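> By the numbering used here, the letter at position 58 of the sequence shown is numbered 1390, and the numbering carries on one by one without gaps.
Positions of the beta carbon are idealized from the N, C-alpha and C atoms, including for glycine.
In this text the structure is predicted, and so the values were computed from the model without any measurement.
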Amino acid sequence: MTEEKLEIIPLGGVGHFGMNMLAMRCGGEAIIIDAGMGFPEEDLPGVDIVIPDFTFIDEYRDEIIALVLTHGHEDHIGAAPFLLREIDVPVYGTHFTLALLENKLQEHKLLDIVQLHSVEPRQKVKLGNFEVEWIHVSHSMTSCTAVAITTPVGVIIHSGDFKVDDTPVIGPSIDLKRLSEYGDKGVLALL
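1) How far does the beta strand (DSSP E) with G1515 in it reach, from first residue to last?
2) Do H1468 and G1503 come within 9 Å of each other at the CB atom, strictly closer than that value?
3) DSSP puts M1356 in a beta bridge; with which residues?
4) With DSSP collapsed to three states, give me the class of K1456.
5) For L1430, name the three-state secondary structure that DSSP assigns.
6) Looking only at DSSP bridge pairs, what is H1449 linked to?
7) At the level of alpha carbons, what is the spacing between C1358 and H1490?
8) To which residues of the same chain is I1340 closer than 6 Å at the C-beta, ignoring the five residues directly before and after it?
9) Which same chain residues end up closer than 7 Å to S1505 when comparing Cβ atoms and leaving out the 5 residues on each side of it in sequence?
10) Given a threshold of 16 other Cβ atoms within 10 Å of its Cβ, counted over all protein chains shown, does D1380 qualify as buried or as exposed?
11) Between C1476, R1454, D1407, D1394, which has its C-alpha nearest I1363's C-alpha?
12) Give the straight-line distance between the Cα atoms of E1465 and D1385, rounded to the nearest whole angstrom.
13) Relative to the C-alpha of L1401, which residue among T1426, G1460, M1473, H1440 is closest?
14) Comparing C-alpha positions only, which one of R1417, I1445, H1408, G1486 sits nearest to L1343?
15) Over the uninterrupted beta strand (DSSP E) stretch that includes L1399, give me the two end residues.
16) Using DSSP bridges, identify the partner residues of V1464.
17) What's the call for H1449, buried or exposed, on a 16-neighbour Cβ count within 10 Å?
18) Which value, in whole angstroms, describes the spacing of the CA atoms of H1403 and T1482?
19) Could you pull the start and end residues of the beta strand (DSSP E) that H1490 belongs to?
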């Protein structure tokens, strides 16, 4: 019997602002979390946006089964149309996040092609070897989530962008109770 292996591969968003994108791969299947664009530095005149390196996508396209979104800021969804030109996978996110994405997909003539699945906080969706639960977090816009990904190896919490705010201007405060419940059960990694 072979032991399951979980790979967590940052594809962008590490060490700088923007291009948030991460792959998780386990048992021959992979999910992508967020697909954000970056914002060019002064040394890139004439460049409007920067997208993550899609080398992983090219190498593992047959294993990728879904795109999971944490929220609708550009640094988390801005590269999604470019990614969804490369792979045909369903997209999961809150209603508001998907509404923001729909505008981008319309602009790129992809809206009629891409399967969008709206989820609510505390909803779980089974995606192959992964069970994903969206957990409400506070941030500078509405409908932001962390995701708890249960894998054969253990639970990974991807925080998305968040702030602990007991009196947020928009929406409810962060769901610390649900995050605590995962903590009590055991979390392999918090990203």
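Reading it off the structure:
1) Premise fails: G1515 lies in the alpha helix (DSSP H), 1508-1517, not in any beta strand (DSSP E).
2) Yes. Within cutoff.
3) For M1356, which the question treats as bridged, DSSP gives the partners I1340, I1363.
4) Strand, per DSSP.
5) DSSP places L1430 in helix when its eight states are reduced to three.
6) For H1449, DSSP records a beta bridge to Y1424.
7) Here the alpha carbons of H1490 and C1358 stand approximately 16 Å from one another.
8) Closer than 6 Å at the Cβ level, and outside the excluded window around I1340, lie M1356.
9) Excluding positions up to five away in sequence, the list reads S1470, D1497, D1498.
10) By the neighbour-count rule (16 or more Cβ atoms within 10 Å), D1380 is not buried but exposed.
11) For I1363, the closest alpha carbon among the candidates C1476, R1454, D1407, D1394 is that of D1394.
12) Taking the straight line from one Cα to the other gives about 27 Å.
13) For the options T1426, G1460, M1473, H1440, the alpha carbon positioned closest to that of L1401 is the one of T1426.
14) Nearest C-alpha to L1343 among R1417, I1445, H1408, G1486: H1408.
15) In the DSSP assignment, L1399 falls within the beta strand (DSSP E) that extends over 1396-1400.
16) Its beta-bridge partners are V1457, I1481.
17) Per the 10 Å Cβ criterion, exposed.
18) Rounded to the nearest whole angstrom, the C-alpha separation of H1403 and T1482 is 20 Å.
19) Going by DSSP, H1490 is part of the beta strand (DSSP E) stretching over 1487-1490.
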